[in-house]
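A short worksheet on the structure shown next.
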Amino acid sequence: MADSERDGIRCMLMRGGTSKGAYFLAGDMPADPSERDDLLLRVMGSPDPTQIDGLGGAHPLTSKVAIVSRSTEADVDLDYLFLQVVVDQPSVTDAQTCGNLLAGIGPFAVERELITPGAETTTVRIRLINTGDLATQTFPTPDGIVEYDGGTAIDGVPGTAAKIDIEMAPAADALLLPSGNVVDDLDGHRVTMIDNGMPVVLLRADEFGVAGDETPAELEERSDLKAEVERIRLLAGPLMGLGDVTRATVPKMFLLSAPRHGGAISTRAFIPARVHPSIGVLMAASVAAGVCIPGTVGADIANPTSDGPVEIEHPSGIFASRVSVGRSDDGVWSATSTSVRTARKIFDGVVFPRPRL
Ligand code: NQM
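Per the working numbering, the sequence shown starts with residue -6, numbered consecutively.
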């Protein structure tokens, strides 16, 4: 392998949905996970609240990495490993995936010639290494070249871009309700723990002294609130099969209130140290599935339409999440989701990691 300190590492910076991240070929990364993580901290400029000496944008949504390779599995085209580079801690975690960076995986794979594009559109099957879920993604490739321009708008991104359709199928051993219950009691709080692609905990905003229309900045100022939400998160982690989540970025914590803008439910999400300025795509799929199941936290205040997407209100607009929720004869709930995203190639080149501190 080339000397990454001296020669740099091939890297593409992309917006995927409402997030932004550095995309790499797996073959360009050290095989050893601790060497890889050390390199990524130095590429992104962590730990440092400003990430001034790296590519990171000083927020969890702009401190993300996607590592992509051809899959060796039959009927799967690509493997996608997501890594969250923590902004102000020397920590890189694979405990979650990201449905937003997922939007850029197919386009990146065409750009790097990992897959052969179709003449009009390209459809790829992507294994999400973090969760085992499978995504099928379709995007425009006229004349075999990725088309980023288009007429599709998503809340949280200015302007419009080409539409990327994503269908999610859960891993064979995935559990929609990991504790087996629709509702649990966690030390005095009623919670629903649900995972339709992203593990989330549904909570009633009013139980936490939150109205539900606060800005992310207003919620982030409340250290008492943050501490209580974090206390419940640490209790939920093991019950969701995630083990000790002290250093993990999941589960995501949702404060739910009645909708205000004609949607199905209003949300504020702790992800978990910051409050999301909108909502992640797989988080939305988990919340949408949750409020469709009778008896969950939030189901009683939600107003989903009987058909069509579940319109989830968030701090910067509405996310229309398309989910299909069902219950087997033996009472086990399961769900799938589809979503529309856009992505854009921002920069393609070689990144130089800062020296070790
Ligand atoms: O839920 C934020 C995002 C996400 C996750 C986070 C995500 C999803 O908005 O699908 O993409 O990781 O906290 O990108």
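Even for Gly, the Cβ is constructed at its ideal location relative to N, Cα and C. Everything numeric in this text was worked out from a predicted model, so none of it was measured.
C-beta contact flag for residue i and residue j at 8 Å
| i | j | result |
| --- | --- | --- |
| Ala229 | Ala257 | no |
| Leu249 | Ile225 | no |
| Leu33 | Leu6 | no |
| Thr260 | Phe247 | yes |
| Val58 | Ala102 | no |
| Pro40 | Gln82 | yes |
| Leu107 | Val139 | no |
| Thr131 | Thr116 | yes |
| Asp206 | Gly310 | no |
| Asp188 | Ala167 | yes |
| Asp237 | Pro244 | no |
| Val284 | Arg3 | no |
| Thr289 | Thr185 | yes |
Near the ligand NQM: residue i beta-carbon under 7 Å from a heavy atom
| i | result |
| --- | --- |
| Met276 | yes |
| Gln130 | no |
| Thr11 | yes |
| Met191 | yes |
| Pro302 | no |
| Pro163 | no |
| Ile264 | yes |
| Leu74 | no |
| Lys245 | yes |
| Cys4 | no |
| Pro53 | yes |
| His269 | yes |
| Asn93 | yes |
Any chain D beta carbon closer than 8 Å to residue i
| i | result |
| --- | --- |
| Arg197 | No chain D is present in this structure, which holds just one protein chain. |
Cut-off 6 Å between Cβ atoms - residues of its own chain near residue i, not counting five sequence neighbours on either side
| i | result |
| --- | --- |
| Val69 | Arg118, Arg120 |
| Val303 | Ala257, Ala281, Pro297, Ser314 |
| His269 | Ala262 |
| Met191 | Leu275, Met276, Ser279 |
| Thr331 | Glu160, Arg315 |
| Pro163 | Asp126 |
Chain-order list of residues whose beta-carbon lies under 7 Å from that of residue i (same chain, five-residue window excluded)
| i | result |
| --- | --- |
| Pro252 | Ile258, Ser259, Asn296, Glu306 |
| Glu221 | Phe201 |
| Leu179 | Ile225, Leu228, Ala229 |
| Trp326 | Leu169, Leu170, Ile286, Val318, Arg320 |
8 Å CB neighbourhood of residue i in its chain, flanking five on each side removed
| i | result |
| --- | --- |
| Gln44 | Met37, Gly38, Gly50, Ala51, Ser56, Val80 |
Next item on the list: Go through the stretch 304 to 331 residue by residue and report every complete run of the beta strand (DSSP E) that reaches 3 residues or more, in order.
Entry: 310 to 320
Check: Which residue spans inside the stretch 239 to 315 form an unbroken beta strand (DSSP E) run of at least 3?
Finding: 245 to 250, 258 to 263, 303 to 307
Margin query: So within the stretch 68 to 150, which uninterrupted beta strand (DSSP E) runs reach at least 3 residues, ignoring any that extend past its ends?
Written below: 71 to 78, 114 to 121, 127 to 133
Check: Can you list the beta strand (DSSP E) stretches of 3 or more residues lying completely in the stretch 187 to 248, in chain order?
Finding: 192 to 197
Next item on the list: Could you pull out every unbroken beta strand (DSSP E) segment of at least 3 residues lying fully inside the stretch 13 to 71, listed in chain order?
Entry: 57 to 63
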